[in-house]
Amino acid sequence: MIVKLRKLGGIGKKAGVDLELPVGLEDVTALRKLVADKLGLEGKRLRLSHKGRVLHDFGSLPKIAEGDVLSYALAPRPPDEYLRETVDGGFEEDEERELRFNIESLPSHWQRKLASHLRHRAGLPDAALLVIFALSPTGYAVLVAWFLFGRLASSQGLGSLYLVLSVIAFIFTNLGKRREGEASAYTVFNNFQALPGQLTGDQLDRQMVRGQLT
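Residue numbers 745 to 958, in the working numbering, belong to the letters of the sequence shown in order.
Next up, the structure:
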């Protein structure tokens, strides 16, 4: 199938480049890469639209017919990072990167597609996306199972015991693993040797009773 690529604002039927779309094109991200390679443009800055509708990354492809026109434009290049740092020390950019949800970091294609739909179609902010995708599908399954077993335990009068056992299980399953040679946060696991910078009772005794600072 052949479509026309036309720069946004182009006038006339002759203003455009022919592009052959392969069969089985997955999503808008793959289409944008195809257009960028055809035109020799920077993919990250390329924006596409079809019949007045903006095509967002990881979104579903619209119904494109033979001879349709795909409009494209290049987003302005942002100032160099060192120029922004001279203005505000880079604080705003660091804060924006921390608060912005990165869809490309999601592990599976369907998760990226769902996140793109929630952002561009449902209009959810990045803060909501961070909360929604904080857990993996397995994590959500465990959470639902925990609620179901909690209801069952509560109906049998074991709600308090179930909650206490859940807290204990949560603690032990999130202790993590120490690397070889790494000290534990608990001195009982370090042969009762204090950690560097740890305030001990002996130090308090020397400082407050004996007047020694070290």
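All C-beta atoms, glycine included, are put in the ideal place defined by N, C-alpha and C.
The structure presented is a predicted model; accordingly, all values stated were derived computationally and were not measured.
Residue 800, buried or exposed, once every other Cβ within 10 Å from all chains shown has been counted against 16: Along the sequence shown, one-based indexing puts residue 800 at 56. Around the beta carbon of residue 800, a 10 Å sphere encloses 16 or more other beta carbons of the protein chains shown; the residue is thus reported as buried.
Beta-bridge partners of residue 1023, as assigned by DSSP: Nothing in the structure corresponds to residue 1023, since the chain is present only between 745 and 958.
Under the three-state DSSP convention, the category residue 747 falls into: Counting from one through the sequence shown, the residue named residue 747 turns up at place 3. If DSSP states are grouped into helix, strand and coil, residue 747 belongs with the strands.
In DSSP terms, what residue 763 is bridged to: Translated into the one-based positions of the sequence shown, residue 763 becomes position 19. Beta-bridge pairing links residue 763 to 747.
For residue 809, the three-state DSSP class (helix, strand or coil): Numbered from its first residue, the sequence shown carries residue 809 at position 65. If DSSP states are grouped into helix, strand and coil, residue 809 belongs with coil.
Reduced DSSP category for residue 944 - H, G, I as helix; E, B as strand; rest coil: Here residue 944 refers to the residue found at position 200 when the sequence shown is read from its first residue. Residue 944 falls in the coil class under three-state DSSP.
Proximity to residue 785 [Cα-Cα], best of 816, 945, 797: Here residue 785 refers to the residue found at position 41 of the sequence shown. The residue with the shortest Cα to Cα distance from residue 785 is 816.
Straight-line Cα distance separating residue 803 from residue 781: Mapped onto the sequence shown, residue 781 falls at position 37. Mapped onto the sequence shown, residue 803 falls at position 59. About 20 Å.
Buried versus exposed call for residue 751 [16 or more other C-beta atoms within 10 Å across all chains shown]: The count along the sequence shown starts at 1 and reaches residue 751 at position 7. Using a 10 angstroms sphere on the CB of residue 751, the tally of other CB atoms stays under 16, which defines it as exposed.
For residue 779, three-class secondary structure by DSSP: Walking along the sequence shown from the start, residue 779 turns up at place 35. Correct three-state label for residue 779: helix.
Unbroken alpha helix (DSSP H) run spanning residue 856, endpoints: Position 112 of the sequence shown, counted from the start, is the residue given in the question as residue 856. Where residue 856 is concerned, the enclosing alpha helix (DSSP H) stretches over 853-864.
Meets three-Cβ-pair contact criterion under 8 Å: the region 874-882 and the region 785-799: no
Span of the alpha helix (DSSP H), counted from its first residue to its last, around residue 870: Position 126 of the sequence shown, counted from the first residue, corresponds to residue 870. Where residue 870 is concerned, the enclosing alpha helix (DSSP H) stretches over 870-876.
Burial state of residue 807 (16 or more Cβ within 10 Å): Here residue 807 is taken as the residue at index 63 of the sequence shown, counted from 1. Residue 807 comes out exposed.
Cβ neighbour criterion (16 or more within 10 Å) applied to residue 902: Taking the sequence shown and counting its residues from 1, one reaches residue 902 at position 158. That one is exposed.
Span of the alpha helix (DSSP H) around residue 881: As a first step, residue 881 must be located in the sequence shown, where it is residue number 137. That run of the alpha helix (DSSP H) goes 881-899.
Residue 772 in three-state terms, based on DSSP: For this step, residue 772 is matched to residue 28 along the sequence shown. Helix.
Simplified DSSP assignment, three categories, for residue 921: Taking the first residue of the sequence shown as 1, we reach residue 921 at position 177. If DSSP states are grouped into helix, strand and coil, residue 921 belongs with coil.
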